[in-house]
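Visitor: With mature numbering (1 follows the signal peptide of the UniProt record, and there is no 0) applied, the sequence shown covers -21 to -1, 1 to 712. Don't be surprised by glycine CBs; every beta carbon is placed ideally from N, CA and C. Got a structure for you, questions after.
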Amino acid sequence: MRCSPKIIALAISCMSFPAVGYAEGEAHLPTVNVDAERAMPTAFKDTKIKADAIEKKGAVDLKTALKDIPGVEVLDTQGTRQGNDSVNIRGLSGNRVAMSIDGIDLPEANEMKHTGQYAIFGRGNFMDVSALSSVDISKNARGFGLGGVVAMHTLTADEILQGEDQGGYVDTQYNSVDKSTAVTGAAALKNGDWRGMVLSTYRKGDESDNRGEIGGRGALRTKSDPVDHNSRYFLTKHEFDINDKNTINFTAEYLSRNQWTDSLSQANKTYTDVRGTDDNKKTRFSLGHDFHGNEGLIHEGTTQIYWQQTKTDSVTHRDYVRGCTSLLPSIKNRCAFEFNNQDKVWGLTTDWRAHFDGNGLYQDWRYGLSFARHELSSDWQGYYARSKPNADNKTIRASMYVDGDLQWGNLIVSPGLSAHYYNMNPSDSGFFTGTTNSISDLRKKHQGAITPRLGISYRFAPLLMPYFQYARGFNAPSAQQLASSWNPGNYSSWGNPNLKAETANNFELGIRGKNSVLEYGIAGFDNHYKNFIDYVNIADQVALPAVWSRYQTLVLQAQNFSKAHIYGGEAYARWNFAPDWKVSGSLAYSRGSIRQDGIDQPLNSVMPVKVKLGLAYDKDVWGANLDFTYAAKKDESDVQNAGYYNPSRSYALVDLGGYWKPTRHLSFRVGVNNVFNQKYWNWADIAYMMPNVNSQAGTSGQSDGSATKLTKDNADFYSAPGRTFNVGLRYTF
């Protein structure tokens, strides 16, 4: 849906609707009160994970922090250097799921998993779970994204102080999954109208374990490749109360992550040794203003301006048998390959809220806008002259929204309207395709869209609340999809300046309820997508130079598919059947397909059925939990080009955990995952190796684009960890 300037202007004017409506009706509603404390029900329900739940899990990364959420998977692309790549929500992942920290978007996810052997730039690598106070997960299309939102929030001084004038803690942790240790120190202080905090974490570990048993070098190796990694994280926040309604704040954040990989599995007859080094860095500064009022048209508001830079610097060294040609410094037969990627962004976000209560109608309105200007750059140095796998570009993303919840008695109506605009301006400086036709020409790209949403629910009783939701989604093509030229030699991938934005119509119907002992929800969803973007093989359409065409049969380009469809169901329940005791369960089921030229093919990004059951005892002094997870096999009928080897199978896991607080200052925690040491493959971590609908070649992280396939012989290399344990200790002062 294209937006003219008139439509954008109309959307801007709509932002003031709640305030205007209140002003016009003021003379006729003599008793209108602002209710600051009332908990407002809504037809849209997000999932919130708090810091104490993350701590009790012994989480070392985003994957372990979110592992218990139905319909949500964090992709950790096995066999590559990428780390936590992105979040999958109901079958969509990558840049289709919006991810942010404190309202600031994380950098783009890597679109081409084939490059995972050259660099580590998963989105989840630019955060540290030790700093999280909560994670909000929305499974509805919202903002720039089709598949939902993962909004992470970092700790504040008030959360550390817990009502005191000074406080802090020291936390230590060990996890056997990667033999990692972590030490976190946090302290906060309050003095009059000022309060501040500082938090720092150091992590160090090795490779993540798997169930492989064959060592040595080469493609038949099934043990994990050796890895050493460490990271340093720093966060500080400062707040000053100007008066009882206005607060200004400042935040600084820094992350540095280093990784060294000895890729023994990549050794072959051409090169005998492959080693990689990866450095991730993130720096963020923000200045904000918070408003808290008890009367008038605005109850509360938050505004921030920010600057953020994320960088990835990666080097791969290969020792060749017969020597090599490289423009980088080398010794003997060693060639070096450099990959650098950077995203600098400055922007503004502002969010406001108002509550109105009068004559039986309660209103909760939220509205705001965001603006971000990105400067993206990338460089690749390999056999040939320095090139740019993605054209340098300047991208502007802007959006505005208004959401409301209106309650008449037991009826709740939740309308919403958003406007989105993006503008990408690529640079041809240093950008080279080498083709004799224009498959990847650079051109400016801009588009806008209006996306409505509506939720309706009725509360018959606390345990009986049916609801319906509709949300329109919009996702602009990424800079990588529009303007890229990646050609390491044996295969290539290209941008497509003709891509259209993806759109979605998402429907959900369900029932939920909650009282003092029971909470549950049952939902069915049906999501329809247009202009769905996927990669296809265009080797027969592109004119490559003769020196390349002899070797390349895999030439990938992002293209729009006419339609895609994902549907499924989810359920969850929590029952406090006795004091301090709770049982819980959840189920997630989905199916998906993609259509081109009237032919439907399965979507590999859709996860198989997963069921979780849990029993927990939770008291102030101590607690314990027992969790059971069952995941079904990814059926061959649900895999694109099912002739490729699929190692996934149904599996069942048992996890145990517990904590003990001998004093109010000291706490211990322990957990054992996969108690019975089951061998299994998590589909979320291997789906990237299955071929796309038209690519006809599934490549693995072990290969250098030579289309090494996942086979029965090397499958254990991609298996999930066996039995692992974690322990932790925290001292609070």
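Does the CB of D55 have a neighbour CB from chain D at under 8 Å?
Guide: Absent from the structure: chain D. Only one protein chain is present.
Visitor: Enumerate in chain order the residues of its own chain whose CB-to-CB distance from T10 is below 8 Å, with the five nearest sequence positions on each side excluded.
Guide: Interpretation of T10 is limited by its pLDDT of 31, a score under 50 that renders its predicted location unreliable; the figure taken from the coordinates is listed afterwards. Counting only Cβ-Cβ distances below 8 Å, and skipping sequence neighbours, we find G337, N338.
Visitor: For Q448, which of helix, strand or coil comes out of DSSP?
Guide: If DSSP states are grouped into helix, strand and coil, Q448 belongs with the strands.
Visitor: Measuring CA to CA, which of G503, D220, E354, L140 is closest to G171?
Guide: The candidate whose alpha carbon is nearest that of G171 is D220.
Visitor: Are the beta-carbon atoms of I28 and V114 separated by less than 8 Å?
Guide: For I28 and V114, yes; Cβs fall inside 8 Å.
Visitor: Is T282 helix, strand or coil when you go by DSSP?
Guide: The answer is strand: DSSP assigns T282 an E or B state.
Visitor: Please return the same chain residues whose Cβ sits closer than 6 Å to the Cβ of A631, not counting the five positions on each side in sequence.
Guide: Closer than 6 Å at the Cβ level, and outside the excluded window around A631, lie Y609.
Visitor: Mind checking whether V149 and Y710 have CB atoms under 8 Å apart?
Guide: Yes, these two residues count as a Cβ contact at 8 Å.
Visitor: Drop a sphere of 10 angstroms on the beta-carbon of G4, count the other beta-carbons inside from all chains shown, and report buried for 16 or more, exposed for fewer.
Guide: Model confidence at G4 stands at a pLDDT of 34, short of 50, so the residue's coordinates are unreliable; what they give is reported in the following sentence. Counting Cβ neighbours within 10 Å, G4 comes out exposed, since fewer than 16 surround it.
Visitor: Might you give, ordered along the chain, the residues of its own chain that have their beta carbon closer than 6 Å to the beta carbon of V706, omitting 5 neighbours on each side?
Guide: So the list reads Y153, V649, once near-sequence residues are dropped.
Visitor: Do you know offhand how far P441's Cα is from G500's?
Guide: Straight-line Cα distance between these residues: approximately 12 Å.
Visitor: From L689 to V206, what distance separates their C-alpha atoms?
Guide: The alpha-carbon atoms of L689 and V206 are separated by roughly 21 Å.
Visitor: Is the segment 160 to 179 close to the segment 133 to 143, with three or more CB pairs under 8 Å?
Guide: Enough Cβ pairs lie closer than 8 Å, so yes.
Visitor: In the DSSP assignment, the beta strand (DSSP E) including Q152 goes from what residue to what residue?
Guide: Segment 145 to 154, the beta strand (DSSP E) holding Q152.
Visitor: Got a sec? Which residues, its chain only, sit under 7 Å from D298 by beta carbon, not counting five neighbours each side?
Guide: Within the same chain, D298 has close Cβ partners Y250, T251, D252, N312, R313.
Visitor: Let me check one thing: in DSSP terms, what residues is Y400 bridge-paired to?
Guide: Beta-bridge pairing links Y400 to A377, G427.
Visitor: Classify V11 as helix, strand or coil using the three-state DSSP reduction.
Guide: Confidence at V11 is low in this model, with a pLDDT of 32, below 50, so its placement is unreliable and the value that follows should be read with caution. Coil at V11, not helix or strand.
Visitor: Residues bridged to E317 by DSSP?
Guide: Looking at the DSSP assignment, E317 forms a beta bridge with V294, Q360.
Visitor: Figure out for me which residue from K36, I517, A32 has the closest Cα to the Cα of N652.
Guide: Among K36, I517, A32, the Cα nearest to that of N652 is on K36.
Visitor: How long is the line joining the alpha carbons of L85 and S65, rounded to whole angstroms?
Guide: Straight-line Cα distance between these residues: approximately 10 Å.
Visitor: Quick check on the DSSP output: the beta strand (DSSP E) that includes A603 runs from which residue to which?
Guide: Here the beta strand (DSSP E) through A603 covers 601 to 610.
Visitor: Quick check for students: name the residue ranges of the beta strand (DSSP E) that lie wholly in the segment 103 to 139, counting only runs of 3 or more.
Guide: List check, beta strand (DSSP E) in window: 111 to 117, 128 to 133.
Visitor: Examine the Cβ distances between the segment 626 to 644 and the segment 594 to 612 and report whether three or more of them are shorter than 8 Å.
Guide: In short, these stretches touch, since the Cβ pair count reaches three.
Visitor: Over the uninterrupted alpha helix (DSSP H) stretch that includes T43, give me the two end residues.
Guide: Its alpha helix (DSSP H) spans residues 41 to 44.
Visitor: Using DSSP's beta-bridge definition, name the partner residues of Q575.
Guide: DSSP lists I578 as partners of Q575.
Visitor: Starting from D269 and walking both ways along the beta strand (DSSP E), at which residues does that stretch end?
Guide: Element bounds for D269: 250 to 271.
Visitor: Given a cut-off of 8 Å on the beta-carbon distance, is the pair H425 and N402 in contact?
Guide: Their beta carbons are under 8 Å apart, which means H425 touches N402 by this criterion.
Visitor: Are the segment 193 to 202 and the segment 224 to 233 in contact at 8 Å, needing three or more beta carbon pairs?
Guide: Touching, no.
Visitor: Does I227 pass the burial test, meaning 16 or more other C-beta atoms within 10 Å, or should it be called exposed?
Guide: By the 10 Å Cβ count, I227 comes out exposed.
Visitor: Pair every Cβ in the segment 472 to 482 with every Cβ in the segment 45 to 56, then say whether three or more of these pairs are closer than 8 Å.
Guide: No contact exists between the segment 472 to 482 and the segment 45 to 56.
Visitor: Here's a check: name, in chain order, each residue in its chain whose Cβ is nearer than 8 Å to the Cβ of D79, leaving out the five neighbours to either side.
Guide: Going by the sequence as given, residue 79 is Ser instead of Asp. Closer than 8 Å at Cβ, skipping near neighbours: L85, V128, V129, A130, M131.
Visitor: Do you know offhand how far D213's Cα is from L178's?
Guide: This sequence places Phe at residue 213; Asp is not what is there. Going by the C-alpha atoms only, they are around 6 Å apart.
Visitor: Quick check on DSSP: helix, strand or coil for L234?
Guide: Reduced to three states, the DSSP call for L234 is strand.
Visitor: I need the boundaries of the beta strand (DSSP E) containing E192, first residue and last residue.
Guide: Where E192 is concerned, there is no enclosing beta strand (DSSP E), given that its DSSP letter is neither H nor E.
Visitor: Alpha carbon to alpha carbon, what distance is there between Y341 and S210?
Guide: So the two alpha carbons sit approximately 48 Å from each other.
Visitor: As an exercise, report each continuous beta strand (DSSP E) stretch of at least 3 residues that is fully enclosed by the segment 19 to 85, in chain order.
Guide: Counting only runs of 3 or more, we get 26 to 29, 51 to 55, 63 to 68, 77 to 80.
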